[in-house]
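Trainee: Pasting a structure below so you can have a look.
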Amino acid sequence: MPFRIVEGDITKLQVDAIVNAANESLLGGGGVDGAIHRAAGPRLLEECRTLHGCKTGEAKVTLGYDLPAKYVIHTVGPIWRGGNYGEEDLLRSAYRNSLFSALEKNCESVAFPMISAGVYGYPKDQALEVAVSTIRAFLDEHEMDVTLVIFDRESFRFDGRLYSEISGFIRNTYDDGKGQRNLLYDMESAFEVDECICEERAEVRKEIRHAKSMMGASAMAAPIQMHLQDTGLKEALENLDESFSQALLRMIDARGMKDSDCYKKANIDRKLFSKIRSDVNYRPSKQTVLAFAVALELDLSETEAFLKKAGFALSHSNKADVIVEYFISHRNYDMYRINEALFAFDQNLLGA
Ligand code: APR
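Going by the working numbering, the residue at position 211 of the sequence shown is 1512; the numbering climbs one at a time, nothing skipped.
Okay, structure coming up:
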């Protein structure tokens, strides 16, 4: 998966390079700097001494010694002084220079801590935004697996407004097996089940009219009406013998997307995409299908039909599905944002 967020200790990660949030002396310190030096052993400090320091925003590389990682990329983030002293640019260049140092060393995988978000006092939510947007810009142009390591949940500050909106949506939608399921969802899944038995569509329509009058919510029927008229989905449904892989490639072409635009937006690595492209009967995971549904910007009913081709369905008793449904129903297809939200709610990320 090109971009992932994990909770843990960066010194334990089996990646080609880990990034150290150091200070300009490169002679060690506390926080992640101290942890990396302890885990790498004394030879790390010996090599650091030969580097004669590192300017804020720049990066220098040493071997990893006793660490599982082959390299340590030492970078220095800015000390937060209120935000008017070029801190954001310096933090961005710390991430960017570290990524390009990893590229120069032909690393296929690199892991970052939240640079400057500890002792250096960078506000955690802004530090996250700088980290994710800089990594995203790099991954738009290069292939690498980049992991952002969150040492403790306290360090992860997801967008508060979005967090509470999603929490509200989960409260109204998530079916923990005890509560009422969402009637609209039942209606939609009922429609899905009958997608190919046309005469029963009339039956489903009658139930929808009844449910609409019962709920008095004109909006309630809207998604299904859209569902009925949506030519793209109707066409996809009509090709019922079309496999997941064929439907994916057809929709990429229909949207005039390049393959790489689609798999990058889906947070899917190139090798996996080539496998899907070359195997008409490829059997994807649910995360992979949802990742492509987001990349193709499918609406909820198109996503349902796409999932069905791979033998899956959105479930209101699966919190991750409910979170993805929130983003799709709000037509927010920002995969990085979706994965931040999934991480914030302790769910598996989308992509592969
Ligand atoms: N693995 C991953 N992340 C870690 C670990 C670890 N083992 N230990 C700490 N962190 C996280 C912190 O929770 C924080 O989110 O690393 C992030 C950066 O915190 P600091 O290590 O304090 O780094 P920074 O804020 O950039 O300050 C750098 O601190 O350690 C000194 O020598 C260092 O002077 C420099 C300053």
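For every residue, glycine included, the Cβ atom is placed at its ideal position computed from N, Cα and C.
All values derive from a computational prediction rather than experimental measurement.
Consult DSSP for Thr1351 and reduce its assignment to one of helix, strand or coil.
Mentor: Residue numbering aside, residue 1351 sits at position 50 when the sequence shown is read from its first letter. Coil at Thr1351, not helix or strand.
Trainee: Spatial neighbours of Leu1597 within its chain, please: CB distance less than 6 angstroms, with the 5 preceding and 5 following residues excluded, ordered by chain position.
Mentor: If you number the sequence shown from 1, residue 1597 lands on position 296. These residues qualify, in order along the chain: Met1552.
Trainee: With respect to 7 angstroms, is the separation between the Cβ of Tyr1634 and the closest non-hydrogen atom of the ligand APR below this value?
Mentor: Counted from its first residue, the sequence shown places residue 1634 at position 333. False, no ligand heavy atom lies under 7 angstroms from that Cβ.
Trainee: Starting from Tyr1421, trace the alpha helix (DSSP H) both ways and give me its first and last residue.
Mentor: Residue numbering aside, residue 1421 sits at position 120 when the sequence shown is read from its first letter. Tyr1421 -> no alpha helix (DSSP H), and no H or E assigned at all.
Trainee: What do you reckon, are the CB atoms on Ile1629 and Thr1604 nearer than 8 angstroms?
Mentor: Taking the sequence shown and counting its residues from 1, one reaches residue 1629 at position 328. Taking the sequence shown and counting its residues from 1, one reaches residue 1604 at position 303. Yes; because the gap between Cβ atoms is below 8 angstroms, this pair is in contact.
Trainee: Using the C-alpha atoms, what's the distance from Pro1379 back to Arg1344?
Mentor: By 1-based counting over the sequence shown, the position of residue 1344 is 43. By 1-based counting over the sequence shown, the position of residue 1379 is 78. Going by the C-alpha atoms only, they are around 26 angstroms apart.
Trainee: With a CB to CB cut of under 8 angstroms and the five nearest residues on each side skipped, what residues in its chain are close to Val1595?
Mentor: Residue numbering aside, residue 1595 sits at position 294 when the sequence shown is read from its first letter. Cβ within range, chain order: Lys1566, Ala1567, Val1625, Phe1628, Ile1629, Tyr1634, Met1636, Ile1639 and Leu1651.
Trainee: Within 7 angstroms: the Cβ of Asp1390 and any heavy atom of the ligand APR?
Mentor: Against the sequence shown, residue 1390 aligns to sequence position 89. No, the Cβ of Asp1390 stays beyond 7 angstroms of every heavy atom of the ligand APR.
Trainee: Would you mind reading off the limits of the beta strand (DSSP E) that contains Asn1321?
Mentor: For the purposes of this step, residue 1321 is taken as the residue at position 20 of the sequence shown. Note, Asn1321: beta strand (DSSP E), Ala1318 to Ala1323.
Trainee: Closest to Phe1646 by C-alpha separation, out of Ala1323, Leu1328 and Asp1460, would be which residue?
Mentor: Along the sequence shown, one-based indexing puts residue 1646 at 345. When only C-alpha atoms are compared, the closest one is Asp1460.
Trainee: I believe Val1420 touches Gly1358 by the beta-carbon criterion, under 8 angstroms. Please report the beta-carbon distance rounded to the nearest angstrom.
Mentor: To locate residue 1420, count along the sequence shown from 1; it is residue 119. To locate residue 1358, count along the sequence shown from 1; it is residue 57. Incorrect: roughly 17 angstroms between the Cβ atoms, too far for contact.
Trainee: Could you round the C-beta distance between Val1360 and Ser1402 to whole angstroms and report it? I think they count as a contact, below 8 angstroms.
Mentor: Along the sequence shown, one-based indexing puts residue 1360 at 59. Along the sequence shown, one-based indexing puts residue 1402 at 101. It should be noted that the sequence gives Ala, not Val, for residue 1360. 5 angstroms between Cβ atoms; contact.
Trainee: Would the beta-carbon of Leu1549 fall within 8 angstroms of that of Phe1593?
Mentor: On the sequence shown, position 248 is the one that residue 1549 refers to. On the sequence shown, position 292 is the one that residue 1593 refers to. Contact: yes.
Trainee: Rounded C-beta distance between Ala1432 and Leu1449? I'm assuming under 8 angstroms.
Mentor: As a working mapping, residue 1432 is identified with position 131 in the sequence shown. As a working mapping, residue 1449 is identified with position 148 in the sequence shown. Correct: roughly 6 angstroms between the Cβ atoms.
Trainee: Taking the beta carbon of Asp1477 as the centre, do at least 16 other beta carbons fall within 10 Å, making it buried, or is it exposed?
Mentor: One-based indexing of the sequence shown puts residue 1477 at position 176. With fewer than 16 other Cβ atoms within 10 Å, it is exposed.
Trainee: Considering only residues of the region 1368-1454, which uninterrupted beta strand (DSSP E) runs meet the minimum length of 3 residues and lie entirely inside it, listed in chain order?
Mentor: Whole beta strand (DSSP E) segments, 3+ residues: 1372-1377, 1410-1413 and 1446-1451.
Trainee: Counting by C-beta, which residues lie closer than 6 angstroms to a heavy atom of the ligand APR, in chain order?
Mentor: Matched residues: Asp1310, Ile1311, Thr1312, Ala1322, Ala1323, Asn1324, Gly1330, Gly1331, Gly1332, Val1333, Asp1334, Gly1335, Ala1336, Gly1378, Pro1414, Met1415, Ile1416, Ser1417, Ala1418, Gly1419, Val1420, Tyr1421, Val1450, Phe1452, Asp1453 and Ser1456.
Trainee: By a C-beta neighbour count over all protein chains shown, 10 Å radius and 16 as the cutoff for buried, is Leu1392 buried or exposed?
Mentor: Residue numbering aside, residue 1392 sits at position 91 when the sequence shown is read from its first letter. Looking at its Cβ environment, which holds 16 or more other Cβ atoms inside 10 Å, Leu1392 is buried.
Trainee: With H, G and I counted as helix, E and B as strand and the rest as coil, what does DSSP make of Leu1248?
Mentor: Here the chain has residues from 1302 to 1653 only, and residue 1248 is not among them.
Trainee: To the nearest angstrom, how far is it from the Cα of Pro1424 to the Cα of Gly1383?
Mentor: Counting from one through the sequence shown, the residue named residue 1424 turns up at place 123. Counting from one through the sequence shown, the residue named residue 1383 turns up at place 82. Cα to Cα, the separation comes out at about 9 angstroms.
Trainee: Taking 8 angstroms as the cut-off, decide whether the C-beta atoms of Ile1416 and Tyr1396 are in contact.
Mentor: Translated into positions along the sequence shown, residue 1416 becomes position 115. Translated into positions along the sequence shown, residue 1396 becomes position 95. Cβ distance < 8 angstroms, so Ile1416 and Tyr1396 count as in contact.
Trainee: Mapping the DSSP letters down to three states, classify Gln1360 as helix, strand or coil.
Mentor: Your numbering for residue 1360 matches position 59 in the sequence shown. The residue asked about is misnamed: residue 1360 is Ala in this sequence, not Gln. Three-state result, Ala1360: strand.
Trainee: Between which residues of its own chain and Met1302 is the CB-CB distance below 8 angstroms, once the five residues before and five after are set aside?
Mentor: As a position in the sequence shown, residue 1302 is number 1, starting the count at 1. So the qualifying residues of the chain are Asp1446, Asn1568, Ile1569, Asp1570, Leu1650, Gly1652 and Ala1653.
Trainee: Only counting the same chain, and skipping five residues up and downstream in sequence, which positions put a Cβ closer than 7 angstroms to that of Val1581?
Mentor: In the sequence shown, the residue the question calls residue 1581 occupies position 280. Cβ within range, chain order: Ser1544, Ser1546 and Gln1547.
Trainee: Under a three-way DSSP split, which group does Arg1339 fall into?
Mentor: Residue 1339 sits at position 38 when you count from the first residue of the sequence shown. Looking at Arg1339 - three-state DSSP - the assignment turns out to be helix.
Trainee: Determine the DSSP secondary structure at Ile1569, reduced to helix, strand or coil.
Mentor: Here residue 1569 refers to the residue found at position 268 of the sequence shown. Coil at Ile1569, not helix or strand.
Trainee: Using three-state DSSP, classify Phe1274 as helix, strand or coil.
Mentor: Here the chain has residues from 1302 to 1653 only, and residue 1274 is not among them.
Trainee: Lys1620 lies in the alpha helix (DSSP H); which residues open and close that run?
Mentor: By one-based count along the sequence shown, residue 1620 stands at place 319. Run containing Lys1620: Lys1620 to Ser1630, per the alpha helix (DSSP H) assignment.
Trainee: Quick one: any contact between the region 1363-1377 and the region 1312-1327, if contact means 3 or more CB pairs under 8 angstroms?
Mentor: Segments in contact, yes.
Trainee: Just to confirm my understanding: we take Glu1641, look at its own chain, exclude 5 residues before and 5 after, and list those with CB closer than 6 angstroms. What are they?
Mentor: Within the sequence shown, numbered from 1, the residue matching residue 1641 stands at position 340. Closer than 6 angstroms at Cβ, skipping near neighbours: Phe1459.
Trainee: Less than 8 angstroms between the CB atoms is what I'm expecting for Ala1412 and Leu1314, so what's the real figure, rounded?
Mentor: For the purposes of this step, residue 1412 is taken as the residue at position 111 of the sequence shown. For the purposes of this step, residue 1314 is taken as the residue at position 13 of the sequence shown. The pair is a contact, with the Cβ atoms about 5 angstroms apart (cut-off 8 angstroms).
Trainee: DSSP on Asn1633, reduced to helix/strand/coil?
Mentor: Stepping through the sequence shown from its first residue, residue 1633 is reached at position 332. Asn1633 falls in the coil class under three-state DSSP.
Trainee: Can you grab the Cα-Cα spacing for the pair Val1307 / His1353, in whole Å?
Mentor: What you label residue 1307 is simply residue 6 of the sequence shown in a count that begins at 1. What you label residue 1353 is simply residue 52 of the sequence shown in a count that begins at 1. Rounded to the nearest angstrom, the two C-alpha atoms are 32 angstroms apart.
Trainee: Near Gln1648, what residues of its chain come up, given a Cβ to Cβ distance below 8 angstroms and the 5 sequence neighbours on each side ignored?
Mentor: On the sequence shown, position 347 is the one that residue 1648 refers to. Closer than 8 angstroms at Cβ, skipping near neighbours: Lys1620, Ala1621 and Ile1624.
Trainee: Would Ala1611 and Arg1584 be called neighbours here (beta carbons separated by less than 8 angstroms)?
Mentor: Looking up residue 1611 in the sequence shown gives position 310. Looking up residue 1584 in the sequence shown gives position 283. Their beta carbons are under 8 angstroms apart, which means Ala1611 touches Arg1584 by this criterion.
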